[in-house]
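First the structure, in the form of structure tokens, and then the observations on it.
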Amino acid sequence: MPAFPDSRPGLLSRRHLLLGAAALAAMGSGRPASAGSLPELITRAKRSVVVVGSYGLMDNPRFGFRAAGFAVGDGLQVLTSAHVVPSDTPERIDRSIAVQVWQGDDQWQLRSARLLGRDLRNDLALLQIDGPALPALSLAEQDAPEGTSIALMGFPIGSALGYTLTTHRGIVSAWTSIASPAQSPSGLSARAVRQLRDGAFKVMQLDAIAYPGNSGGPVFDIDSGTVVGVLQGGIVKSTKEAALSAPTGITYAVPASAAAALLAEYVKR
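Sequential numbering of the sequence shown, starting at 1, is according to full-length UniProt numbering.
Below you can see the structure in the form of structure tokens.
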């Protein structure tokens with residue numbers, strides 16, 4: 001039987017050497033040789049990303065959409081943005097924090113939740129949810145360098161699209177200061193004043209478009225599959241409505257290191 005053209009001894013040995021060198025390079029890089037494709041990452045992450053909102057007996061609808069969040073720790077903790085968590089209202093004992101958990105086939109399960117802790121400086125909140133544990137997402141141990149390919153997940157436009165979990169991809173464009181000065185006194189919100197008083201700190205600037213409803217969602221390193229940030233918000237043009245009609249495409253995320261510090265403060269390993 002004639003040999004295949006590429007099975008000659010010289011070519012076969014050379015191919016083995018090249019394959020072996022590639023494998024050693026992947027092992028020495030400190031990153032997995034293959035973390036899977038983006039579709040695989042989305043499939044894995046879907047059961048970990050939740051809808052964060054409020055539940056009120058006198059509200060219509062009873063569940064009020066706020067933002068996105070995702071499971072961490074032992075699967076019963078959820079990270080989200082602090083600015084979307086309902087404020088404590090002692091006079092309204094009929095309203096509480098709640099989440100919706102994806103069950104597959106566009107089915108969602110309502111679960112009660114409570115606030116474990118907040119990091120107002122980094123706009124982070126940690127919730128404890130009831131029910132069976134969700135698949136927890138892993139937080140990256142190191143900050144993502146500029147140019148890292150990322151994907152962010154959330155619920156753009158919220159309940160208007162029926163809690164459709166959507167993924168946008170982009171890169172880490174820059175690490176930038178979050179405490180930028182306001183152009184006029186009218187632009188100074190309580191949150192901006194607090195950030196200026198506490199001092200500037202770095203956040204990730206992304207080139208992926210985020211809409212209202214994406215806040216609190218995870219930002220993934222596509223290559224490793226780990227969460228490198230928590231989506232905070234984006235720059236809008238003049239009005240909130242402009243975020244829908246004319247988004248800037250500039251989005252910010254809090255690094256996973258800040259989220260890991262909050263988790264470690266309230267959850268014992």
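Think of the CB as a built atom: it goes at the ideal place given N, C-alpha and C, for glycine as much as any other residue. None of these values were measured; they are calculated from a predicted model.
- Per DSSP, the beta-bridge partners of K202 are S177.
- In terms of Cβ geometry, G73 and F63 do not form a close pair [threshold 7 Å].
- The beta carbon of A133 is closer than 8 Å to those of A71, D74, G75, L76 in its chain, skipping five residues each way along the sequence.
- Here G104 is bridged, per DSSP, to Q107.
- Scanning its chain for C-beta atoms nearer than 7 Å, with the 5 sequence neighbours on each side dropped, one finds around L137 the residues A45, S48, F70, A71, V72, P218, V227, in chain order.
- It is roughly 7 Å from the alpha-carbon of L263 to the alpha-carbon of L126.
- The C-alpha of H83 lies about 6 Å from the C-alpha of D123.
- Inclusion of S173 and D207 in the CB contact set at 7 Å is warranted, their separation being smaller than that value.
- By the neighbour-count criterion, in which a residue is buried when 16 or more other Cβ atoms sit within 10 angstroms of its Cβ, Q205 is buried.
- With a beta-carbon spacing of about 6 Å, A210 and L231 fall inside the 8 Å limit used to define contacts.
- Within the model, the alpha-carbon separation for D223 versus G36 is close to 7 Å.
- Close CB contacts of L38 within its chain, under the 8 Å cut and outside five residues either way in sequence, are with A151, T167, R169, I222 (chain order).
- Beta-bridge partners assigned by DSSP to S96: Y55.
- In the DSSP assignment, the residues bridged to D221 are I150.
- Counting along the chain, the unbroken beta strand (DSSP E) around S81 starts and ends at 77-81.
- Residues V72, T226, V227, A256, A259, A260 of the same chain have their beta carbon placed closer than 7 Å to that of L139, with the five preceding and five following residues left out of the count.
- Secondary structure of L262 (DSSP, three-state): helix.
- Nearest in C-alpha terms to L79, of all of F201, K268, F155, I129, is I129.
- Restricting attention to F220, P61, M58, V267, the CA atom closest to the CA of E141 is found in F220.
- For L137, the three-state secondary structure derived from DSSP is coil.
- Of the residues assessed, Q100 falls on the buried side of the cut-off, its CB having 16 or more other CB atoms within 10 angstroms.
- Just measuring C-alpha positions, the residue of G229, T251, Y55 sitting nearest A113 is Y55.
- Beta-bridge annotation (DSSP): V49 is paired with F70.
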